[in-house]
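The block underneath contains the structure these notes are about, expressed in structure tokens.
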Amino acid sequence: MGVILKTSKLNKSFKSGTQEQQVLKNLDIEFYEEDFTVIMGASGAGKSTLLYALSGMDRPTSGAIRFFDAEIADLNNDKLAVFRRKNCGFVFQQMFLLENMSILDNILASGYLVSGDKKAIVANAKELLQKVGLTEMIWRKFPTQLSGGENQRAAIVRALINKPRVVFADEPTGALNSASGNAVLDVLTDINSDGQSIIMVTHDLHSARRGKRIIYIKDGVIGGECNLGKYVSGDKSRHEKLQSFLSEMGW
4 MGVILKTSKL NKSFKSGTQE QQVLKNLDIE FYEEDFTVIM GASGAGKSTL
54 LYALSGMDRP TSGAIRFFDA EIADLNNDKL AVFRRKNCGF VFQQMFLLEN
104 MSILDNILAS GYLVSGDKKA IVANAKELLQ KVGLTEMIWR KFPTQLSGGE
154 NQRAAIVRAL INKPRVVFAD EPTGALNSAS GNAVLDVLTD INSDGQSIIM
204 VTHDLHSARR GKRIIYIKDG VIGGECNLGK YVSGDKSRHE KLQSFLSEMG
254 W
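What follows is the structure, encoded as structure tokens:
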């Protein structure tokens with residue numbers, strides 16, 4: 004697998020009055036194509052800050068972020084917005100679906116921002132909706148008419164509609180019950196099996212087990228990493244390996 008993302012001496016600081024807090028500290032890290040990478044760590048360790056920097060949603064204080072052949076830290080705001088639309092899909096804990104638009108229209112609106120081929124976008128949206136288990140009777144419903152799990156699966160389709168190179172997920176099951184969360188995790192596992200690169204932040208052990216590679220962030224630096232390999236349902240050794248690794252990290 005080739006390198007899809009690479010950081011070099013990545014730093015991120017936040018100022019509050021006269022105080023400055025350094026959240027990311029000289030991070031050198033690589034992410035790979037078709038991988039399912041999970042970023043874990045204690046609250047405030049810098050997990051989401053790293054995710055937003057990697058995806059171009061936030062700028063680092065210093066350092067480099069190379070996305071394939073593009074140095075995204077150097078892009079201006081307009082070019083960065085175009086870059087994100089073409090290369091990145093986003094799934095958040097809150098779905099951010101527009102309540103006055105149907106599920107299908109929410110997805111199509113994102114697709115139309117990148118492609119002028121409306122017929123192809125509609126066909127792709129319907130195929131993806133079926134793939135994540137959202138039947139045709141749901142497509143014209145509004146987000147307020149659906150469950151949290153259904154909305155999150157729709158949000159995943161929205162993230163996939165422009166065929167992104169990487170899907171970034173920030174606590175995608177954090178607002179869901181266990182059944183809905185499992186359905187969302189099944190979708191993420193399936194699209195990764197099809198070759199989709201995923202970088203996910205989570206504090207949830209159950210969600211983290213779906214990843215192939217676990218990176219642990221501690222006080223803004225890489226504490227360690229663990230390779231779990233391909234997810235296999237019911238594999239107890241996978242759970243034990245992850246728990247042992249996290250225990251070593253002081254989680």
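Using my numbering, the first residue of the sequence shown is number 4, and each one after it goes up by one. Glycine included, C-beta positions come from ideal geometry on N, C-alpha and C. Remember, it's a predicted structure, so these values are computed and weren't measured experimentally.
Next item on the list: Could you tell me which of 215, 252, 113 sits nearest to residue 234, measuring between CA atoms?
Entry: Counted from its first residue, the sequence shown places residue 234 at position 231. Nearest option by C-alpha distance: 215.
Notebook entry, point to check: Which residue's Cα is closest to the Cα of residue 78: 93, 61, 33?
Noted result: What you label residue 78 is simply residue 75 of the sequence shown in a count that begins at 1. When each option's Cα is compared against that of residue 78, the closest is 61.
Check: For the ligand COA, any of its heavy atoms closer than 6 Å to the Cβ of residue 116?
Finding: The model on display carries no ligand, and the ligand COA is accordingly not part of it.
Check: Do residue 202 and residue 248 come within 7 Å of each other at the CB atom, strictly closer than that value?
Finding: Counted from its first residue, the sequence shown places residue 248 at position 245. Counted from its first residue, the sequence shown places residue 202 at position 199. No, they are not a contact pair.
Next item on the list: Classify residue 233 as helix, strand or coil using the three-state DSSP reduction.
Entry: Reading the sequence shown from its first residue, position 230 is the one you call residue 233. Residue 233 falls in the coil class under three-state DSSP.
Item checked: alpha helix (DSSP H) runs contained entirely in the stretch 109-134, provided each spans 4 or more residues -> Here the runs fully enclosed are 121-134.
Check: How do the stretch 102-111 and the stretch 185-201 stand: do at least 3 beta-carbon pairs fall below 8 Å, yes or no?
Finding: No contact exists between the stretch 102-111 and the stretch 185-201.
Margin query: With DSSP as the reference, identify every bridge partner of residue 164, one or two as the case may be.
Written below: Residue 164 sits at position 161 when you count from the first residue of the sequence shown. Within the DSSP bridge table, the entry for residue 164 names no partner.
Check: Taking DSSP as the reference, what is the three-state secondary structure of residue 56?
Finding: Position 53 of the sequence shown, counted from the first residue, corresponds to residue 56. Residue state for residue 56 is assigned as helix, using DSSP reduced to three classes.
Item checked: DSSP-derived helix/strand/coil call for residue 77 -> Locating residue 77 in the sequence shown gives position 74, counting from the first residue. Three-state result, residue 77: helix.
Next item on the list: Please check the pair residue 212 and residue 242, which I expect to be a contact at CB under 8 Å, by giving their CB distance rounded to whole angstroms.
Entry: Position 209 of the sequence shown, counted from the first residue, corresponds to residue 212. Position 239 of the sequence shown, counted from the first residue, corresponds to residue 242. Contact between residue 212 and residue 242 is confirmed by a C-beta separation of about 6 Å, below the 8 Å threshold.
Check: Where does residue 45 sit, in a helix, a strand or coil, going by DSSP?
Finding: Stepping through the sequence shown from its first residue, residue 45 is reached at position 42. Shown here, residue 45 sits in coil according to DSSP, grouped into three states, outside any helix or strand.
Note to self: So, with DSSP's three-state summary, where would you put residue 260?
What the structure shows: Because the chain here runs from 4 to 254, residue 260 falls outside it and cannot be looked at.
Next item on the list: Can you tell me the Cβ-Cβ gap for residue 157 and residue 137, rounded? I've got them flagged as a contact below 8 Å.
Entry: As a working mapping, residue 157 is identified with position 154 in the sequence shown. As a working mapping, residue 137 is identified with position 134 in the sequence shown. About 6 Å separates the two Cβ atoms, so the contact holds.
Next item on the list: Rank 195, 236, 226, 150 by C-alpha distance to the C-alpha of residue 168 and give the top, closest one.
Entry: Taking the sequence shown and counting its residues from 1, the one referred to as residue 168 is at position 165. It is 195 whose Cα lies nearest to the Cα of residue 168.
Check: By how many angstroms is the C-alpha of residue 59 removed from the C-alpha of residue 93?
Finding: Counting from 1 along the sequence shown, the entry for residue 93 is found at position 90. Counting from 1 along the sequence shown, the entry for residue 59 is found at position 56. Roughly 11 Å between the two C-alpha positions.
Next item on the list: In the DSSP assignment, find the unbroken alpha helix (DSSP H) run with residue 98 in it and report its ends.
Entry: The count along the sequence shown starts at 1 and reaches residue 98 at position 95. Note, residue 98: premise wrong, no alpha helix (DSSP H); not H, not E.
Notebook entry, point to check: Any idea what DSSP makes of residue 215, helix, strand or coil?
Noted result: Taking the first residue of the sequence shown as 1, we reach residue 215 at position 212. It is coil, neither helix nor strand.
Notebook entry, point to check: First and last residue of the beta strand (DSSP E) that includes residue 145?
Noted result: In the sequence shown, counting from the first residue as 1, residue 145 sits at position 142. Bounds of any beta strand (DSSP E) do not take in residue 145, whose DSSP letter is neither H nor E.
Item checked: Contact check, residue 6 vs residue 37, beta carbons under 7 Å -> The residue you call residue 6 lines up with position 3 of the sequence shown. The residue you call residue 37 lines up with position 34 of the sequence shown. For residue 6 and residue 37, no; Cβs fall outside 7 Å.
Margin query: Does residue 208 pass the burial test, meaning 16 or more other C-beta atoms within 10 Å, or should it be called exposed?
Written below: By 1-based counting over the sequence shown, the position of residue 208 is 205. Residue 208 counts as exposed, since fewer than 16 other beta carbons sit within 10 angstroms of its beta carbon.
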